[in-house]
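S.K.:
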Amino acid sequence: MDISLLSANNFNALLNAVFTIKFSEGIEHGAELISVTEFSGYSPLQRTPFSLVFRTQQKNEYYEQGIFTVTHPEEGNLELFLTPLGFDEVGMKYEAVFS
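Written out as structure tokens, the structure reads:
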């Protein structure tokens with residue numbers, strides 16, 4: 001999947017779907033896509049910038065920002081730069097921003 005061609009529309013139908021994030025060799029966590037957000041006011045860009053927020057069930061640990069493999073069973077693999085956002089009542093949230 002060519003990451004430069006992706007838009008928020010590619011992910012709207014996958015909202016609440018479960019992905020797998022591979023943080024390192026042998027360390028993977030299930031992650032629910034909990035948010036797809038478009039950012040307005042960037043008309044000169046080729047695509048409207050957007051963000052994805054994934055939530056794992058990690059309660060006491062998280063991984064530093066970095067590039068990780070995010071996999072959906074039907075859509076395949078993406079290499080995404082993820083930033084930890086913090087914990088909520090379910091687990092740890094990570095964000096990927098596309099500009």
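Reminder that position 54 of the sequence shown reads as 54 in the UniProt record's numbering, one-by-one numbering, no gaps.
C-beta: ideal position from N, C-alpha, C; glycine also.
#1: Does the distance from the CB of F19 to the CB of L33 come in under 9 Å?
#2: For L14, which option in E74, Y62 and S40 has the closest C-alpha, if you only look at C-alpha atoms?
#3: Using DSSP bridges, identify the partner residues of V97.
#4: Going by DSSP in three states, L82 sits in which element: helix, strand or coil?
#5: Return helix, strand or coil for S7, following the three-state DSSP convention.
#6: Buried or exposed for L5, going by 16 or more other Cβ atoms inside 10 Å?
#7: Once you ignore the five residues that flank N12 on each side, which residues in its own chain have a CB closer than 6 Å to its CB?
#8: Sort G41, E79, G30 and T48 by Cα distance to A96 and report the nearest one.
#9: Please identify the residue among E28, G41, R47 and G26 whose C-alpha is closest to the C-alpha of S99.
M.R.: Reading from the atomic positions:
#1: Position 19 of the sequence shown holds residue 19. Position 33 of the sequence shown holds residue 33. Taking the C-beta atoms as reference points, L33 is found nearer than 9 Å to F19.
#2: Translated into positions along the sequence shown, residue 14 becomes position 14. Closest option to L14, Cα to Cα, is E74.
#3: Numbered from its first residue, the sequence shown carries residue 97 at position 97. V97 pairs with S51.
#4: Within the sequence shown, the letter at position 82 stands for residue 82. L82 falls in the strand class under three-state DSSP.
#5: As a first step, residue 7 must be located in the sequence shown, where it is residue number 7. Three-state result, S7: coil.
#6: The residue given as residue 5 occupies position 5 in the sequence shown. Label assigned to L5: exposed.
#7: Working through the sequence shown from its first residue, we reach residue 12 at position 12. Shown here for N12: same chain residues with a beta carbon closer than 6 Å to its own, the five before and five after excluded, namely V36 in chain order.
#8: What you label residue 96 is simply residue 96 of the sequence shown in a count that begins at 1. In terms of Cα proximity to A96, the closest of G41, E79, G30 and T48 is E79.
#9: Residue numbering aside, residue 99 sits at position 99 when the sequence shown is read from its first letter. Considering only alpha carbons, the answer is R47.
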